[in-house]
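If you use UniProt numbering, the sequence shown corresponds to residues 1 to 272, in order. First the structure, in the form of structure tokens, and then the observations on it.
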Amino acid sequence: MDTKKIVYVVSDSVGETAELMVKAVAAQFNGGDIEIQNVSFIEDIQDLKNVISVAKYRNSVIAYTIVVPFLKQYLDQRAQEEGIIAIDLMKPLMHAFSEKFHKEPVYQPGLLRKMDENYFRRVEAIEFAVKYDDGQDTRGLSRADIVLVGVSRTSKTPLSMYLANKRFKVANVPLVPEVEPPDEVFTFKKKCIGLIITPDKLNEIRKERLKNLGLTVRAHYANLERIMEELDYAEKIMKRIGCPVIDVSNKAVEETADLILAMLKKERSWIS
1 MDTKKIVYVV SDSVGETAEL MVKAVAAQFN GGDIEIQNVS FIEDIQDLKN
51 VISVAKYRNS VIAYTIVVPF LKQYLDQRAQ EEGIIAIDLM KPLMHAFSEK
101 FHKEPVYQPG LLRKMDENYF RRVEAIEFAV KYDDGQDTRG LSRADIVLVG
151 VSRTSKTPLS MYLANKRFKV ANVPLVPEVE PPDEVFTFKK KCIGLIITPD
201 KLNEIRKERL KNLGLTVRAH YANLERIMEE LDYAEKIMKR IGCPVIDVSN
251 KAVEETADLI LAMLKKERSW IS
């Protein structure tokens, strides 16, 4: 019989959590002498039969994170019958949660990984929004889920970040009369959303912005004639693109974002 010290890490998901826990414990027993073998994505009784058979032959320990009730019950029963030590790594904490919070677990494998995937998708979307903010790099427009176009101070950046937190990759492009918009906004026009605002509201916002920066409110940036010129130019570009347009004059970022997602939901079935 094989006398090598082996721990089988068994899971109905990836098994990363179980492996880390076993490694932490093994380190307390000169972990280099203990071999850890992963058996992931256990789906049925036959998978467990195979693990139990080899664990018995090698006189090994089974450490597991199985949440599907009938699989867990089978493993516990058969391991006991075969004299194999099988440790449910999640049981103490699951029991404590149930007792304390008066709730039953959903017994669904892979939930942690789904949560992790959502987290990393959100981080990726936020990084994308920062990188492709304010037309910094038009190469991102091909990879974006949403492209916002509009004049300065129409909430393009706050909207990009808000939508990024909902895991959408958003790029935004400023529209300025002296600068021809990148060809990509016409190539990827189905991704585009135009943002407009009333001249008075934009004038008010820009004046406040200049005050906060310690600059004179008489600057060209907040000149009403200049604002009218920019808005007129922006509307012409949006017509050329043929994109939906949202008036953000009296809307919170959350409200505008909801409108954008409602528009896109009609076009793209993948948005949920």
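Using N, Cα and C, we set each Cβ at its ideal position, and we do this for glycine too. These figures come from a predicted structure and were not determined experimentally.
Note that the segment 123-138 does not touch the segment 96-108; fewer than 3 beta-carbon pairs, one per stretch, sit closer than 8 Å. In the DSSP assignment, Y64 falls outside any alpha helix (DSSP H) and within the unbroken beta strand (DSSP E) covering 61-65. With a beta-carbon spacing of about 15 Å, A55 and I45 fall beyond the 8 Å limit used to define contacts. In the three-state reduction of the DSSP assignment, I36 falls in the strand class, which pools E and B. DSSP places P158 in the uninterrupted alpha helix (DSSP H) bounded by 156-164. Counting C-beta atoms within 10 angstroms of its own C-beta, L213 has fewer than 16 neighbours from the protein chains shown and is therefore classed as exposed.
In the three-state DSSP reduction, I52 falls in the helix class (H, G or I).
For the pair K5 and I52, the CB atoms are not nearer than the 8 Å cut-off. In this chain, the alpha helix (DSSP H) harbouring I260 covers 253-267. Less than 8 Å separates the beta-carbon of I42 from that of I66.
Inclusion of P181 and E229 in the CB contact set at 8 Å is not warranted, their separation being larger than that value. Spatial neighbours of Y107 in its own chain (CB-CB distance under 7 Å, excluding positions within 5 residues in sequence) are listed in chain order as V67, V68, P69. Taking the Cβ atoms as the reference, L195 lies roughly 5 Å from V248, within the contact range of under 8 Å. F168 and R121 have their C-alpha atoms roughly 8 Å apart. C-alpha of G83 to C-alpha of A18: approximately 21 Å in a straight line. Rounded to the nearest whole angstrom, the CA to CA distance from Q80 to Y74 is 10 Å.
In this structure D12 touches L71 by the C-beta definition: roughly 6 Å separates them, less than 8 Å.
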